[in-house]
Amino acid sequence: MSERKVLTKYYPPDFDPSKIVRSRAPKQAGPKVQTVRLMAPFPMKCTACGEYIYKGRKFNARKETTEQKYYSIPIYRFYIRCTRCSGEITFKTDPKNMDYECERGAKRNTEPWRMNGAGKQESDEERLDRLEREEEEKNAMQELETKTLDAKREMAVADALDEIRTRNARNERVGKDGLEVTVTRETIDEEKRRQEQEDEEAARMAFMRRHEALEEIIDDEEMADEAAPITKEAALEMPPPSFKRVVKKKKDHAAALGIKKKPSLV
1 MSERKVLTKY YPPDFDPSKI VRSRAPKQAG PKVQTVRLMA PFPMKCTACG EYIYKGRKFN
61 ARKETTEQKY YSIPIYRFYI RCTRCSGEIT FKTDPKNMDY ECERGAKRNT EPWRMNGAGK
121 QESDEERLDR LEREEEEKNA MQELETKTLD AKREMAVADA LDEIRTRNAR NERVGKDGLE
181 VTVTRETIDE EKRRQEQEDE EAARMAFMRR HEALEEIIDD EEMADEAAPI TKEAALEMPP
241 PSFKRVVKKK KDHAAALGIK KKPSLV
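In this note's numbering, the protein residues as written are 1 to 266.
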């Protein structure tokens, strides 16, 4: 890769430095003109073809220094070409209004808003009217700020009063021994525990009543069987008595109450 900065230059064999002479060219007559690269300072429309040129479009322009000045600030004129019809468009700087002024070849789409009535000289009466309007607007803003501060101050005072009332009410509830007197109330946990105890007691009572009713029914059935008379024919048809021990199956009272037992793991 070659070096970007050339340190040595090539001189041909027939190079004669004595032939190089310094000459003076005549001074350029008229305004000074130079080529610059710029962007359109405002949106414009070409008067020849109607092409729209937006703000910020880049051009290769000719910059001309005019003889006009605003105080000691020189005014420059720029020449550009339309991108469609190549018509010449000129505009110059306007240091008085800190803007640019379109001269010919195009028409400006929007005019900037200026305090002094679009660059026109205002009279003393117009200036006084404008100053009065500005003063009224300023007073309105000050009044609004004052109202806002007053509202904030009132809110702060109301909060402080609420805090003082709360503190006074707390101090009134304090007893003679310096401890705060509070009304004893059952907490949520205590209420839940008490409700569970009541449910357990009700279930136990219901189970006991059901158990007693079943025992009474069993006793009544046994007594009815013993009191029934046995006839001779029934006695002859009865099988002979067996002295084998018979294990009586117990009734499942838990199933009657709807209580399910867990199956044994063995």
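Here a beta-carbon is modelled for each residue, glycine too, at the ideal position from N, C-alpha and C.
Residue environment, residue i, which counts as buried when at least 16 other CB atoms sit within 10 Å
i	result
residue 66	exposed
residue 78	buried
residue 106	buried
residue 309	Beyond the ends of the chain as shown, which are 1 and 266, falls residue 309; an answer cannot be given.
residue 61	buried
residue 53	buried
residue 9	exposed
residue 135	exposed
Own chain residues within Cβ distance below 8 Å of residue i, not counting five before or after
i	result
residue 110	42 and 43
residue 84	46, 49 and 51
Opposing strand residues paired with residue i [DSSP bridges]
i	result
residue 38	59
residue 45	52 and 107
residue 33	64
Neighbourhood of residue i by C-beta distance below 6 Å, restricted to the same chain and skipping five residues each side
i	result
residue 55	40, 42 and 43
residue 166	none
residue 164	none
residue 57	40
Same chain, Cβ closer than 7 Å to residue i, neighbours up to 5 away in sequence not counted
i	result
residue 103	90, 91 and 92
residue 88	79, 81 and 105
If we require 3 or more residues per run, which beta strand (DSSP E) segments fall completely within the stretch 48 to 112? DSSP assignment within the stretch 48 to 112 yields the following whole beta strand (DSSP E) runs of 3 residues or more, N-terminal first: 58 to 70, 73 to 81, 88 to 94, 99 to 104 and 106 to 108.
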